[in-house]
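Chemist: Residue numbers (numbering that gives the first Met the number 0), protein chains in the order written: chain X, 0 to 182; chain D, 0 to 238.
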Amino acid sequence: MSNYPYATGDLIEKPNTYFYSQFGGAAFIAAWRASRVRVGGPLPEPVPPLPANKSKPGTGEGTGQSVALLEQALAGDGELAEAFVKKFEIHKRVHDGYGPGFRALDRRSRNDLTLYFRAADLFAALYDDGHALRHLNVYLKCLDTICAMSSRLTADLSARLAWHVGHEREAVDGLMDKRGIAL
Amino acid sequence: MSILFLAANTPRSQAYAQAMAGRGMKIDAAILFDRPGAGQPGKADLPSPPDIPTSVPLPDPGITLMQSLVTLSRQIQQIEAESVNDPEILTAVRDSGADLVIYSGYGGQLVSPGLLALGAPFLHAHSGWLPDYRGSTTVYYSLLAGEGCGVSVIQLVAAIDQGPIVARRRYPAPPAGVDIDYFYDSAIRADLMADTVAAWIEDGRLAPIEDLGTAADYYVVHPLLKHIALLGLDGGDAD
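(1) Under three-state DSSP, which class holds D/Glu-239?
(2) Measure the alpha-carbon distance for D/Pro-10 versus D/Ala-166 and round it to whole angstroms.
(3) With 16 as the cutoff for other CB atoms within 10 Å, does D/Ile-179 come out buried or exposed?
(4) Does the beta carbon of X/Ser-108 fall short of 7 Å from some heavy atom of the ligand GTP?
(5) Mapping the DSSP letters down to three states, classify X/Val-164 as helix, strand or coil.
(6) Is the Cβ of D/Ile-101 closer than 8 Å to any Cβ of chain X?
(7) I'd like the list of long-range same chain contacts for D/Thr-70, defined as Cβ closer than 6 Å, with 5 residues on each side in sequence excluded.
(8) Could you tell me whether the Cβ of X/Arg-37 comes closer than 8 Å to any Cβ of chain D?
(9) Between which two residues does the beta strand (DSSP E) containing X/Gly-129 stretch?
(10) May I ask you to report which of helix, strand or coil DSSP gives D/Asp-178?
(11) With 8 Å as the threshold, decide whether the Cβ of X/Lys-86 is near any Cβ in chain D.
(12) What are the uninterrupted segments assigned as beta strand (DSSP E) that are 3 or more residues long and contained completely in the segment 73–123 of chain D, given in chain order?
(13) Give me, in chain order, the residues of the same chain whose beta-carbon lies closer than 6 Å to that of D/Val-156; leave out the 5 immediate sequence neighbours on both sides.
(14) Can you tell me whether D/Ile-208 is helix, strand or coil according to DSSP?
(15) Nearest CA to the CA of X/Val-93: which residue from X/Gly-8, X/Pro-99, X/Phe-83?
(16) Flag D/Lys-25 as yes if its beta-carbon sits less than 8 Å from any beta-carbon of chain X, otherwise no.
(17) Give the list of continuous alpha helix (DSSP H) stretches no shorter than 4 residues that lie fully inside the segment 44–100 of chain X.
(18) Could you tell me whether the Cβ atoms of D/Asp-190 and D/Val-100 are closer together than 8 Å?
(19) Beta-carbon within less than 7 Å of X/Gly-57's beta-carbon, same chain only, minus the 5 sequence neighbours each way: which residues are those?
(20) Does DSSP classify X/Tyr-5 as helix, strand or coil?
(21) Along the segment 158–179 of chain X, what residues have a CB closer than 9 Å to any CB found in chain D?
(22) Which residues of chain X have a Cβ atom closer than 7 Å to the Cβ of D/Val-152, listed in chain order?
(23) What are the residues that DSSP puts in a beta bridge with D/Cys-148?
(24) Would the beta-carbon of D/Gly-149 fall within 8 Å of that of D/Trp-128?
(25) How many angstroms separate the CA atom of X/Ala-181 from the CA atom of X/Arg-133?
(26) Does the beta-carbon of D/Ala-172 have 16 or more other beta-carbons within 10 angstroms, so that it is buried, or is it exposed?
(27) Under 7 Å Cβ to Cβ from D/Ala-237, same chain only, skipping five residues before and after it: list those, please.
(28) Please determine, among X/Ala-103, X/Ala-170, X/Leu-160, the residue with the shortest C-alpha to C-alpha distance to X/Val-38.
(29) Would you call X/His-130 buried or exposed, if buried means 16 or more other Cβ atoms sit within 10 Å of its Cβ?
(30) Is the beta carbon of D/Asp-27 closer than 8 Å to that of D/Ala-7?
(31) What runs of the alpha helix (DSSP H), each 4 residues or longer, lie entirely inside the segment 18–48 of chain X?
(32) Strictly by DSSP, which residues pair up with D/Glu-134?
(33) Applying the criterion that 16 or more other CB atoms from any shown protein chain within 10 Å of the CB defines a buried residue, is D/Ser-131 buried or exposed?
(34) Taking the beta carbon of D/Met-0 as the centre, do at least 16 other beta carbons fall within 10 Å, making it buried, or is it exposed?
(35) In whole angstroms, what is the alpha-carbon distance linking D/Gly-118 and D/Arg-93?
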């Protein structure tokens, strides 16, 4: 397998399902790495995620805006963090806001890339915290979506993607080491 | 005591039917549902069988589902339906008067409350050790955690993987090179399902394992993690 097919196209509009993915052997891992290297090549110096900021102006708790909810989750609200994990796993999207039952306030408002980056920050932090595979799983999917959009990013977001691409690679390499896989 | 096998046209159903036929079991009725041309998840022709010994016999792609059904039951109904919740299936299950339903459906379809309310327990074999591995493609997460494989037979309720567990068994990880999705996963589910149904025929009852708590849900495994799981199997081709 020479191409990694899961990080191309507009994945917000047409998300991957990841159902019954074909086994491509070690070549698949090489293709994934090459795909991420292609994305990362032109990016600027990496900029790590900012710490959680629960007091962003105009985004107080209770508004249901994802910009605030993600900060709450990053600040340690585990229930909210898992709600974002579940939502992203099912829909592969981050909506601008969520109401009761964590339903999207507006299903069409789902194209704010800064929210996808904050979700990636959250998923990375969750995986770093407990090394739960389910958190690496959602992190990989979130980065597929972002990498597919890499040519549309601002300089600021590009620098943040550079950090994530490196961080993701470290997480995957660590897991492969643990499983005794050397490629 | 009457048993119904409610089967989608999938390699997994093929494995179930072969496992039951291989044990010399008989069932009262079978409903095979499919809509030709529809692409439901899990529907595929079995690829060539791997020529590798495994702890559980793998399904034989050369034996069709219908061939096995004919040896299992004299009453086989074919329904053209894409979903298990098609009204024609509801009617057929009700009319069967089954006391126990062995369910093998398409991926991603939830059995409707209407079907579950008919009264007969629906048995589903989940490829994961419950309650630790709840959700989708948990066989890969279990392998990644170095825990081998597990199967839990549950009685379906409306909530996913939350019905009473009536049987559980651990299985070794498959040898490298064995397709998991269509062969090994199907084989281990079929093995425990067939044993569970055989025990029900013997005892006439299901014996739920006591509530063992809850755990987090897993979602469809990312292809990269799936590859790491498979390449990490003993003898995996990682070069």
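Ideal Cβ positions, reconstructed from N, Cα and C, are used throughout, including at glycine.
Modeler: This is what the structure holds:
(1) The structure shown does not extend to residue 239 of chain D, since chain D is modelled only from 0 through 238, so no value can be given for it.
(2) 22 Å
(3) buried
(4) By its list of ligands, the structure shown contains no ligand whatsoever, and the ligand GTP lies outside what it can speak to.
(5) helix
(6) no
(7) Ala-20
(8) no
(9) Where X/Gly-129 is concerned, there is no enclosing beta strand (DSSP E), although the alpha helix (DSSP H) it sits in stretches over 112–129.
(10) coil
(11) no
(12) 75–79, 99–103
(13) Gly-162
(14) coil
(15) X/Phe-83
(16) no
(17) 65–73, 77–90
(18) no
(19) Unreliable positioning characterises X/Gly-57 in this predicted model, as indicated by a pLDDT of 48, which lies under 50. A coordinate reading is not provided.
(20) coil
(21) Val-171, Leu-174, Met-175, Lys-177, Arg-178, Gly-179
(22) Per Cβ cutoff of 7 Å: no residues; D/Val-152 is ~23 Å from chain X at best.
(23) D/Tyr-170
(24) yes
(25) 23 Å
(26) buried
(27) Confidence at D/Ala-237 is low in this model, with a pLDDT of 41, below 50, so its placement is unreliable and no value can be given for it.
(28) X/Leu-160
(29) exposed
(30) no
(31) 25–39
(32) Position check: residue 134 of chain D holds Gly in this sequence, whereas Glu was assumed. Partner(s): D/Tyr-217.
(33) Looking at the sequence itself, residue 131 of chain D is Asp, so the reference to Ser does not match. Buried, because 16 or more other Cβ atoms sit within 10 Å of the Cβ of D/Asp-131.
(34) exposed
(35) 9 Å
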